[in-house]
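Undergrad: Mind the numbering: the sequence shown is residues 9 to 509 in the numbering used here, read in order.
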Amino acid sequence: MFMSTHNKINFQTPRIFKIVIFLTCAALSAHAEVKPNALFTDGAVLQQGVGVPIWGSAKDDEKVTVKFQGQTVATTARNGRWMLRLKPLKAGGPFVMSIMGENAITITNILVGEVWLCSGQSNMEMPLAATTNSAEVINAARDSELRFFTTAHKASDEPLTDASGTWTETTPGSAKYFSAVAYFFGRNLRHALNVPIGLIHSSVGGTPAEAWTPNSTLEADPELKQILERQAQAIKDFDPAEAESQNETNIAKAKAEGKDVSKVPLIKSPAVGIGRPSGLYNAMIAPLQPFAIAGVIWYQGESNNDRAAEYRKLFPALIYSWRKAWKEGRFPFLFVQIAPHRDMTPEIREAQFLTWQKVPRTAMAVITDVGEVNNIHPTQKEPVGTRLALAARAIAYGEKIEYSGPIYGSMEVEGDRAIIKFTHIGGGLVVKGARLEGFTIAGEDGKFVDATAEIDDDNVIVFNPLVAKPVAVRYGWTNAPDINLFNEQGLPATPFRTDVK
């Protein structure tokens, strides 16, 4: 009996040992596989004219070799990660890339051209299918050299390393899902530059700028640190039982009204909210770094409307933090000024304007003429993308073109008249309509009254017989201004106040 048992044990031991070896080898083999970041997959667009980082994961000490456009570059993986850099590339394609370690990967249909990151909240996220004349635009959307990489919605408390998404060519079937602003921006650049265009779309509706800003940036500034303190207090004050009760009530109400209960927004802890500070930066921006880009277009601000004074510091901090993380220098950062809407204050538009004036290599697309008083998501997105593209052509590509409407420069007073001087007048100032609208003027009492405004060469003369000694002028200083000052290029003047504080 003893011998039988002993023989049985000896019989099974080698089998178990073989299984262990097999599983171990399988695990090591899987771990050993060289894997590039998802940005480097079939159909990718790479940035021309600069050193291009290529990176991914592999086994420690594994040699990784990349071959592309006649270049062969090798590196060794450390801590499960590898990165190397290709010398500047020339526009064109399609090309094939080989990545070799203990396994080999072939990436096909790669183009080289201009790559832009497109981010923000819902007005950037808004798909082409939801915009004005969408059927006509979508049917004409056929361009294999205009490609999108759209990242999945995700938030994280720690920076992630792997992007998620795939590259997609522009066809009527795919374009309807593309960011409309990004699409019109990219389409314009394709026509102007005649090179492939890659657009990385990473945006989430209803999210504040702090969600897109790294924690280290918020921590470093006493004023911005208050955002983190408010978040900590909100988490502390959150009552799970109360939230669950309210969710049950809302679901019951939806059922009673015959509505889709899956669309009932649930109250969640601030600790897991997708818009929590730094959450989107960690999950949707950090994994894209340091992919070579030409610049960024940005459409956001609605969710910071009630904290416009804070946005004056937060928005520039976000821009500087992205530039620092990419290590590409001061790449162009082009953004959209919030459109007129009943709930959007002039102060948030002013905070954006001041960012443009203070932060180098930025530009602002003004869209006062395409807003909708009762719709926070105006459907005319073609002018938005076109104006961003104008700014890109001027700032990033050095074209000698006018890319902005009239911008307040200075004010002089002569008697009872205020003389407003502008920059970006283009071919001259233009009024669209019978007379200029939206100007107010104040005297020494600080009370603003409607004013008459007239174009005089490159200036605007503002006056009201009741104001003998003007001290300040405002233009479009309401939530939803109806204003009509343009330059000859058809670009609208941004709202302003001369008494900015």
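Backbone N, C-alpha and C fix where the C-beta goes; we use that ideal spot for every residue, glycine too. From a predicted model like this one, the values you see are computed outputs, not experimental measurements.
1) Confirm, please, whether the CB-CB distance from residue 304 to residue 341 is below 8 Å.
2) I'd like the list of long-range same chain contacts for residue 223, defined as Cβ closer than 6 Å, with 5 residues on each side in sequence excluded.
3) Say whether the segment 273 to 280 touches the segment 294 to 312, bearing in mind that this needs 3 or more beta-carbon pairs closer than 8 Å, one atom from each stretch.
4) With residue 120 and residue 97 assumed to form a contact (beta carbons below 8 Å), what rounded beta-carbon distance in angstroms separates them?
5) One question on the structure: do residue 374 and residue 221 come within less than 8 Å of each other, judged by their Cβ atoms?
6) Considering only their Cβ atoms, is the gap separating residue 319 from residue 359 smaller than 8 Å?
7) Alpha carbon to alpha carbon, how far is residue 307 from residue 131? Give it in angstroms, no decimals.
8) For the segment 256 to 269 against the segment 194 to 203, do three or more pairs of beta-carbon atoms, one drawn from each stretch, fall closer than 8 Å, so that the two count as touching?
9) If contacts are defined as beta-carbon pairs under 8 Å, then residue 471 and residue 460 qualify, I think. What distance do you get, rounded to the angstrom?
10) Considering residue 450, what are the terminal residues of the alpha helix (DSSP H) in which it resides?
11) For a test of the three-state rule: what should DSSP assign to residue 309, helix, strand or coil?
12) Does the Cβ-Cβ distance between residue 429 and residue 494 come in under 8 Å?
13) Which residue marks the beginning of the alpha helix (DSSP H) containing residue 361, and which one marks its end?
14) Work out the CA separation of residue 394 and residue 69 for me, nearest whole Å.
15) Can you find the residues in the same chain that come closer than 8 Å, C-beta to C-beta, to residue 138, ignoring five residues on each side of it along the sequence?
16) For the alpha helix (DSSP H) that contains residue 147, what are its first and last residues?
17) Which residues does DSSP pair with residue 79 in a beta bridge?
18) Taking the CB atoms as reference points, tell me whether residue 101 and residue 42 lie closer together than 8 Å.
19) Given this structure, state the Cα-to-Cα distance separating residue 213 from residue 129, to the nearest angstrom.
20) Which whole-angstrom value describes the C-beta separation of residue 147 and residue 180, a residue pair presumed to lie in contact below a C-beta threshold of 8 Å?
21) When you compare the CB positions of residue 118 and residue 54, do they come within less than 8 Å of one another, or not?
22) Please report how far the alpha carbon of residue 514 lies from the alpha carbon of residue 89, in whole angstroms.
23) Any heavy atom of the ligand HEM closer than 7 Å to the CB of residue 481?
24) Once the 5 residues before and after residue 390 are set aside, which same chain residues still bring their CB inside 7 Å of it?
25) Give the straight-line distance between the Cα atoms of residue 144 and residue 474, rounded to the nearest whole angstrom.
26) Give the straight-line distance between the Cα atoms of residue 369 and residue 186, rounded to the nearest whole angstrom.
27) First and last residue of the beta strand (DSSP E) that includes residue 209?
28) Quick one: measure Cβ to Cβ for residue 190 and residue 209, integer angstroms, because I've assumed they're closer than 8 Å.
29) Are residue 322 and residue 240 close, meaning C-beta to C-beta below 8 Å?
30) Look up residue 175 in the DSSP assignment and give the residues it is bridged to.
31) For residue 184, count neighbouring C-beta atoms within 10 Å of its own C-beta (all shown protein chains included) and say buried if the count is 16 or more, exposed if not.
32) When you compare only the Cα positions, how much space is there between residue 63 and residue 445?
33) Name the DSSP beta bridge partners of residue 416, please?
34) For residue 406, count neighbouring Cβ atoms within 10 angstroms of its own Cβ and tell me buried if that reaches 16, exposed if not.
35) Measuring only the C-alpha atoms, how far is residue 150 from residue 260?
TA: Reading from the atomic positions:
1) yes
2) 286
3) no
4) 5 Å
5) no
6) yes
7) 6 Å
8) no
9) 6 Å
10) Per DSSP, residue 450 belongs to no alpha helix (DSSP H); it is in the beta strand (DSSP E), 447 to 450.
11) coil
12) no
13) 354 to 366
14) 48 Å
15) 188, 385, 387
16) 142 to 147
17) 76
18) no
19) 4 Å
20) 6 Å
21) yes
22) The structure shown does not extend to residue 514, since the chain spans only 9 to 509, so no value can be given for it.
23) Looking at this structure, you won't find the ligand HEM or any other ligand, since it has none at all.
24) 192
25) 52 Å
26) 27 Å
27) 205 to 211
28) 5 Å
29) no
30) 157
31) buried
32) 54 Å
33) 430
34) exposed
35) 46 Å
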